[in-house]
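Everything in the sequence shown is counted per our numbering, starting at 16 for the first residue and increasing by one. Using N, Cα and C, we set each Cβ at its ideal position, and we do this for glycine too. The next block holds one structure in the form of structure tokens; read it before the comments.
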Amino acid sequence: MAAEKRTLLSVRNLKKYFPVKSGVFMRTTGYVRAVDDVSFSVREGETLGLVGESGCGKSTTGRTVLRLIEPTEGEVEFDGTSLTKLSSEEMRRLRRDMQMVFQDPFASLNPRMTIGDILEEPLIVHGIGTPQERKEQVRELLHLVGMNEDHMHRYPHQFSGGQRQRIGIARAVALKPRLIVADEPVSALDVSIQSQVLNLLEDLQEQFGLTYLFIAHDLSVVRHISDRVGVMYLGRLVELADRDELYDCPLHPYTQALLSAVPVPDPDAKRERIILQGDVPSPADPPRGCAFHPRCPHVMDICREVRPEFRDRGGGHFVACHLVDK
């Protein structure tokens, strides 16, 4: 029996609140609870998928984990090092091990820089190699993601969306990181290109032993690439389990509703579609108790008053739901 891989990333009680300001003096009148007490861990070499509706806080979670956005509360540990206690300079040095692939492959690339300069920049910032060695490394990076060295002298606007995302991935792996946060890396791409980029990410993971926090809203994409999957709703994790366990036996009503909307390739297959009523509440004014209770088809009195505990129901299947407790 293979030994269990050690934890590379540990997130405990992470919160990110954005102040809401109003009036002539711009006083703080409230907070948008974008991430509200989220805890999870990612083992070395695995892919943890994070899914949920737009605005549920999954992208903010990814950025806060890397301290691209400073957390309001909580603890983030990377390989035993507490990121929230590091200075800016200490954090900059550690960023070699933690990189990000952004959702928009055009906005994340500087339009005034050539592709060669974009890929060389992180090497210069971290003082890696001589100018000649860096140029050679840029060529290797381009070949690694299925492009050629002629592309070094072109600008981002001269490439398609899929090619730009490949460049973004090449930049992310340039420093040989251990963790990559992929924030909806294929959502802006055509379906045929999505599969190519997903296969590229899997190949790179196998080649370099990468660990992924993979953020997406497409459940079929997440199932293809993830080892475990976490489901977020209104800034909170409501379910977290192994991929097959979650897709075959979802316990939370929100997860069940999401999975019922995934298209099935078999036209003869019958599946009950769960239609949720109402709109997602505002993160600036979340409901009491369970955040999902205003839309839940199985709501009970306790759901309106008491926030359910996010805990293990057995075999690493975490759920926050009073219905499961009952």
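For residue i, which three-state DSSP category applies?
i    : result
R343 : Lying before the first or after the last residue shown, residue 343 is absent from the chain, which here runs from 16 to 341.
V277 : coil
M128 : coil
A231 : coil
T44  : strand
G77  : helix
K36  : strand
A299 : coil
R319 : helix
V314 : coil
E217 : helix
D242 : coil
From residue i to residue j, what distance separates their C-alpha atoms?
i    : j    : result
T145 : Q152 : 10 Å
G38  : H337 : 40 Å
R149 : T62  : 30 Å
E104 : Y262 : 42 Å
G70  : L249 : 7 Å
D294 : A306 : 12 Å
G89  : P298 : 18 Å
I143 : D218 : 25 Å
G245 : Q147 : 44 Å
R181 : T44  : 43 Å
Residues bridged to residue i by DSSP?
i    : result
P194 : The question names Pro, yet the displayed sequence has Leu at residue 194. The partner list for L194 (beta bridge, DSSP) reads M113, T226.
L24  : V57, F93
M247 : L252
T62  : Y227
V50  : K31
D257 : R243
Query raised in the report: What are the start and end residues of each continuous alpha helix (DSSP H) run of 4 or more residues lying completely inside the region 136-191, in chain order?
Result: 146-159, 176-188
Query raised in the report: Taking three-plus beta-carbon pairs below 8 Å as touching, is the region 220-227 in contact with the region 43-55?
Result: no
Query raised in the report: Taking one C-beta from the region 90-103 and one from the region 255-274 each time, how about it: are there three or more such pairs within less than 8 Å?
Result: no
Report task. Could you tell me whether the region 113-121 touches the region 153-163, where touching means 3 or more Cβ pairs closer than 8 Å? Result -> no
Query raised in the report: Are at least three pairs of beta-carbons, each pair with one atom in the region 18-38 and one in the region 76-91, less than 8 Å apart?
Result: yes
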